[in-house]
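Enquirer:
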Amino acid sequence: MKEFHLLLSRGSSIFPECILIFGLILLLMIDFTSDQKDTPWSYFISLTSLVMSITVLLFRWREEPMISFLGNFQTNNFNEIFRFLILLCSTLCIPLSVEYIQCTEMAITEFLLFVLTATLGGMFLCGANDLVTISVALECFSLCSYLLSGYTKRDVRSNEATMKYLLMGGTSSSILVYGLSWLYGLSGGEIELQEIVNGLINTQMYNSPGILIALISITVGIGFKLSLVPFHQWTPDVYEGSPTPVVAFLSVTSKVAALALATRIFDILFYFSSNEWHLLLEILAIPSMILGNLIATTQTSMKRMLAYSSIGQIGYIIIGIIAGDSNDGYASMMTYMLLYIFMNLGTFACIVLFGLRTGTDNIRDYAGLYTKDPFSAFSLALCPLSLGGIPPLAGFFGKLYLFWCGWQAGSYFLVSIGPFMSVISIYYYLKIIKLLMTERNEEITPHVQNYRISPSSLISKNSIELSMIVCVIASTILGIVMNPIIAIAQDTLF
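Those letters in the sequence shown? Residues 180 to 673, by this note's numbering.
1) Between the alpha carbons of F451 and N381, how many angstroms are there, rounded?
2) Closest to S433 by CA distance: which of E339, N386 and I520 is it?
3) State the Cα-Cα distance for the pair Y605 and E242, rounded to the nearest angstrom.
4) Applying the criterion that 16 or more other CB atoms from any shown protein chain within 10 Å of the CB defines a buried residue, is K332 buried or exposed?
5) Classify R543: buried if its beta carbon has 16 or more other beta carbons within 10 angstroms, exposed otherwise.
6) Taking the alpha-carbon positions, what's the I498 to V531 distance?
7) Just the Cα atoms here: how many angstroms apart are I392 and G358?
8) Tell me which same chain residues have a C-beta within less than 8 Å of the C-beta of V230, skipping the five on either side of it?
9) Can you grab the Cα-Cα spacing for the pair F196 / N308, in whole Å?
10) Look at the alpha carbon of I664 and the alpha carbon of Y515, and state the distance between them as a whole number of angstroms.
11) Is Q383 helix, strand or coil by DSSP?
12) Is the number of C-beta pairs between the segment 462-482 and the segment 580-599 that are closer than 8 Å three or more?
13) State the start and end residues of the unbroken beta strand (DSSP E) segment that holds S433.
14) Whose C-alpha, out of I656, G574 and Y549, is nearest the C-alpha of I611?
15) Please identify the residue among Y279, T212, M208 and L206 whose C-alpha is closest to the C-alpha of G534.
16) CB-CB under 7 Å to E371, same chain, minus the five flanking residues each way: which ones, in chain order?
17) Report the rounded CA-to-CA distance for V399 versus Y495, giving the unit in angstroms.
18) Can you tell me whether W456 is buried or exposed, with buried defined as 16 or more other CB within 10 angstroms of its CB?
19) For the ligand NAD, I want to know if D544 counts as a neighbour, meaning its beta carbon is within less than 7 Å of at least one of the ligand's heavy atoms.
20) Identify which residue in A441, P409, F449 and I246 has its Cα closest to the Cα of W361.
21) Between A437 and I401, is the Cβ-Cβ spacing less than 8 Å?
22) Measuring CA to CA, which of Y580, V408 and T477 is closest to N541?
23) Taking just the CA atoms, how far does W583 sit from F201?
24) Should G348 and S321 be called a contact, given that it needs their Cβ atoms to be closer than 8 Å?
25) How many Å lie between C268 and W586 at the Cα?
26) What's the call for S213, buried or exposed, on a 16-neighbour Cβ count within 10 Å?
27) What are the residues that DSSP puts in a beta bridge with N541?
28) Go ahead and label E259 buried or exposed: buried means 16 or more other beta carbons lie within 10 angstroms of its beta carbon, across all protein chains shown.
29) So, are the CB atoms of S328 and V417 less than 8 Å apart?
30) Less than 8 Å between the beta carbons of I287 and S406, yes or no?
31) Would you kindly check if the distance between the Cβ of P415 and the Cβ of A486 is under 8 Å?
32) I think M245 touches T234, with their Cβ atoms under 8 Å apart; what is that distance to the nearest whole Å?
33) Label D670 either buried or exposed according to how many other C-beta atoms from any shown protein chain fall within 10 Å of its C-beta, with 16 as the threshold for buried.
34) Do L304 and A439 count as a contact pair if the criterion is CB distance below 8 Å?
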């Protein structure tokens, strides 16, 4: 009985993950036992398990930090915010995929299984407290991402994107694990994060050349996951070739999981090398902000444009990590990441709808959309403007807080580049809005002239519009009520 109570108390730390595992098992049982694919039940089970996990996390807020499972998993307010963000991403992304899966006739259960398993891997990665758990959780998330990107097996572009993603992802994971192995050896065989730090102190190896090798290797591996320049080559091709709901999912969850890993590894394991990893991240953030936004201005594909835009956006977020030593550094990063989820998914919701109605992804083909679908055009105008940082939308306040924290931390050069690049991003977002609002018949493409809202089931129509409305409202008004969000983000500890 004593062992049972001990297991129950320790197991409560992963209760949200247990709910997802139960949802996965339930999906598999229904798929195996049912002759007909019961689509509404599959979505209901997936969304219910995600919402229940979010509810449990919210109830656990402000509980005492806990290290459980023999030091493999740690729960605290900081980790739980990232776990909440990953669950939020999945909860918003699944409704975006309903009509897409129906139109493309993809297998429903397998798609949902991959999404939930990737979510599970990302959540375990946020709380992983030792090198083995980090590696296993990272591969769980990565393998599901590769499978999702190539889910449309008959599409040549999807196959090409998957192959590039798999090869480069496998290489980056190997480099990351190589860096972790250096830490294992230099610390005298320790695998827990805090024990590695103690081991480096005991062995007097915290200033050795091996630490620099480990730092560079881990930075390269994380740089790939975050799509930082020059490790961004996979991003445009994967965005363009993968199914649009999958791109929406990967564009936010991969960044949240990688940011959770990066902040904990840099702040805990490389505490003695803070100047070095600050310099490395600055070297990666500057070209990411510049090249991401400049190359985005030349794109003709909406998804490739958003790929380069995301590279620039992650460059801004790196400012928050570098400023993490200050009181508000990590809070600004987490706050902007929350806003970025809504802004980015709102934009992708519009792209999913337009792609299903027209079958095209070309920016030029969006001309005159306002005349046929004012709601989608209005949404596709607000979310990118918020991404660009136009006041009084949420993105403006998020960037203002992020740049202010960077300035307070002394990152003057980075902060001076950020606003300038934001102005450039507004330029290519405004080009899209100009196309959307045009009413000249000679500019409206045949795709919009023949634009028809296809007859679909009520659940698919309402689900994608519900996600779009939630994202548009959040992208618009969250900036006005940022003080409570910032207060919650500041109330986090490692």
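Idealized CB from N, CA, C, for every residue including glycine.
It should be emphasised that the depicted structure is a prediction, and the values quoted were computed from it without experimental measurement.
Expert: For this structure:
1) Along the sequence shown, read from residue 1 onward, the residue named residue 451 stands at position 272. Along the sequence shown, read from residue 1 onward, the residue named residue 381 stands at position 202. Rounded to whole angstroms, F451 to N381 spans 14 Å at the Cα level.
2) As a working note, residue 433 is residue 254 in the sequence shown. If we check each option's Cα against that of S433, I520 comes out closest.
3) Translated into positions along the sequence shown, residue 605 becomes position 426. Translated into positions along the sequence shown, residue 242 becomes position 63. Going by the sequence as given, residue 605 is Ile instead of Tyr. Cα to Cα, the separation comes out at about 42 Å.
4) If you number the sequence shown from 1, residue 332 lands on position 153. Per the 10 Å Cβ criterion, exposed.
5) As a first step, residue 543 is located in the sequence shown; it is residue number 364 there, counting from the start. So R543 counts as exposed.
6) Position 319 of the sequence shown holds residue 498. Position 352 of the sequence shown holds residue 531. C-alpha separation (whole angstroms): 31 Å.
7) Mapped onto the sequence shown, residue 392 falls at position 213. Mapped onto the sequence shown, residue 358 falls at position 179. Those two C-alpha atoms are separated by around 7 Å.
8) Locating residue 230 in the sequence shown gives position 51, where the first residue counts as 1. Closer than 8 Å at Cβ, skipping near neighbours: T270.
9) Taking the sequence shown and counting its residues from 1, one reaches residue 196 at position 17. Taking the sequence shown and counting its residues from 1, one reaches residue 308 at position 129. Correcting the residue type first, residue 196 is Glu in the shown sequence and not Phe. So the alpha carbons of these two residues sit roughly 16 Å apart.
10) By 1-based counting over the sequence shown, the position of residue 664 is 485. By 1-based counting over the sequence shown, the position of residue 515 is 336. Roughly 10 Å separates the two Cα atoms.
11) Locating residue 383 in the sequence shown gives position 204, counting from the first residue. DSSP places Q383 in coil when its eight states are reduced to three.
12) yes
13) Taking the first residue of the sequence shown as 1, we reach residue 433 at position 254. Run containing S433: none in the beta strand (DSSP E); it sits in the alpha helix (DSSP H), T423 to R443.
14) In the sequence shown, counting from the first residue as 1, residue 611 sits at position 432. Comparing Cα positions, the closest option is Y549.
15) The residue given as residue 534 occupies position 355 in the sequence shown. Selected option, being the one with the closest Cα: Y279.
16) Along the sequence shown, one-based indexing puts residue 371 at 192. Only G250, N308 and D309 meet the Cβ criterion.
17) Locating residue 399 in the sequence shown gives position 220, where the first residue counts as 1. Locating residue 495 in the sequence shown gives position 316, where the first residue counts as 1. Using only the alpha carbons, I get a separation of about 18 Å.
18) Taking the first residue of the sequence shown as position 1, residue 456 is located at position 277. Classification of W456: buried, given that the 10 Å Cβ count is 16 or more.
19) This structure simply doesn't include the ligand NAD, nor any ligand for that matter.
20) Walking along the sequence shown from the start, residue 361 turns up at place 182. For the residues A441, P409, F449 and I246, the minimum Cα distance to W361 belongs to F449.
21) Translated into the one-based positions of the sequence shown, residue 437 becomes position 258. Translated into the one-based positions of the sequence shown, residue 401 becomes position 222. Taking 8 Å as the Cβ cut-off, A437 and I401 qualify as a contacting pair.
22) As a first step, residue 541 is located in the sequence shown; it is residue number 362 there, counting from the start. Closest option to N541, Cα to Cα, is T477.
23) Translated into positions along the sequence shown, residue 201 becomes position 22. Translated into positions along the sequence shown, residue 583 becomes position 404. For F201 and W583, the distance between alpha carbons rounds to 43 Å.
24) Here residue 348 refers to the residue found at position 169 when the sequence shown is read from its first residue. Here residue 321 refers to the residue found at position 142 when the sequence shown is read from its first residue. Yes.
25) Here residue 268 corresponds to residue number 89 of the sequence shown, with the count starting at 1. Here residue 586 corresponds to residue number 407 of the sequence shown, with the count starting at 1. Using only the alpha carbons, I get a separation of about 30 Å.
26) If you number the sequence shown from 1, residue 213 lands on position 34. It is exposed - the Cβ of S213 has fewer than 16 other Cβ atoms within 10 Å.
27) The residue labelled residue 541 in the question sits at position 362 within the sequence shown. Paired residues: S480.
28) The count along the sequence shown starts at 1 and reaches residue 259 at position 80. Burial call: buried.
29) Position 149 of the sequence shown, counting from 1, holds the residue named residue 328. Position 238 of the sequence shown, counting from 1, holds the residue named residue 417. Cβ distance < 8 Å, so S328 and V417 count as in contact.
30) Within the sequence shown, the letter at position 108 stands for residue 287. Within the sequence shown, the letter at position 227 stands for residue 406. Not in contact: I287 and S406 (Cβ atoms no closer than 8 Å).
31) Translated into the one-based positions of the sequence shown, residue 486 becomes position 307. Translated into the one-based positions of the sequence shown, residue 415 becomes position 236. Yes, these two residues count as a Cβ contact at 8 Å.
32) Walking along the sequence shown from the start, residue 245 turns up at place 66. Walking along the sequence shown from the start, residue 234 turns up at place 55. Not quite, the Cβ-Cβ distance comes to about 19 Å (not below 8 Å), so this is no contact.
33) Start at 1 with the first residue of the sequence shown, and residue 670 comes out as number 491. Exposed, since its Cβ has fewer than 16 Cβ neighbours within 10 Å.
34) For this step, residue 439 is matched to residue 260 along the sequence shown. For this step, residue 304 is matched to residue 125 along the sequence shown. Their beta carbons are under 8 Å apart, which means A439 touches L304 by this criterion.
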